[in-house]
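Encoded as structure tokens, the structure appears first; notes follow it.
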Amino acid sequence: MPVAVSAADAASLPPARMIDPRGHRFGAGVSAVLLIGSFVSGWVPGVLLALLSIGVSAAFGLRYSIYGAIWRRIVRIAHLGPAEPEHEYPPRFAQVLGSTALVLSLIAFGLGVPALGLLFALAVAALQTLLAVTGYCLGCRLYFLRWWVPELVTRMWTRGRPRTQEFATEPIKFG
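Given below as structure tokens:
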């Protein structure tokens, strides 16, 4: 199964929790179904539910993801065994981007511009579907571009330490 974050990319990141990439894909699939179902039925609270799940894990870490808790139970019940872990920050950054789009979606709904709200929600649903089906995480890839947003977000997560420079030589330990 492809991972969203390669080991070579992860080596340049500060130490962080390692996650099961299957759980990230599972959560993306559930979010996509919820958002598409909300679009089809016109049920705006579904967008809020997706935002709550994605937003909690973006803000506090993927270990607090509602979908992650469900996935860990599925792994335990189905005896799926371990997977090659991946670094948490790129998927978490992708969730920050998705949360931002869903907040904009809800603002658009609140301002009476449902077409724009649906556009933002469907964009997140499309990217979540891409991740769930193929394992490709566009938000994860955006994390590695040299721009100020990933650096700012990482500084918040690491309490002010930069994402590169002082951590660039520290390899991530898998285990």
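Counting from 1, position 114 in the sequence shown corresponds to residue 113 in numbering that gives the first Met the number 0; the numbering is continuous, with no gaps. C-beta: ideal position from N, C-alpha, C; glycine also.
1) Quick check on DSSP: helix, strand or coil for E87?
2) Spell out a yes or no on whether the segment 142-161 and the segment 36-45 are touching, meaning 3 or more CB-CB pairs, one atom from each, closer than 8 Å.
3) Closest to L61 by C-alpha separation, out of Q94, D8, V152, would be which residue?
4) Look at the Cβ atom of Y66, then the Cβ atom of V29, and state whether they are nearer than 8 Å.
5) List the whole-angstrom C-beta distance separating E87 from I18, where the pair is believed to meet the contact cut-off of C-beta under 8 Å.
6) To the nearest angstrom, how far is the alpha carbon of R72 from that of G22?
7) Quick one: using the 10 Å Cβ neighbour count with 16 as the cut-off for buried, is R24 buried or exposed?
8) Going along the chain, which unbroken runs of the alpha helix (DSSP H) with 4 or more residues stay wholly within the segment 17-95?
Inspection of the coordinates gives the following:
1) coil
2) Look at the beta carbons and you see the segment 142-161 not touching the segment 36-45: under three pairs across the two are nearer than 8 Å.
3) The residue among Q94, D8, V152 with its C-alpha nearest the C-alpha of L61 is Q94.
4) yes
5) Separation of the CB atoms of E87 and I18 is rounded to 5 Å, and the pair is thereby assigned contact status at 8 Å.
6) Each residue's Cα considered, the two are about 10 Å apart.
7) R24 should be labelled buried.
8) Within the segment 17-95, the alpha helix (DSSP H) runs of at least 4 residues that lie entirely inside it are, in chain order, 20-40, 44-59, 65-77.
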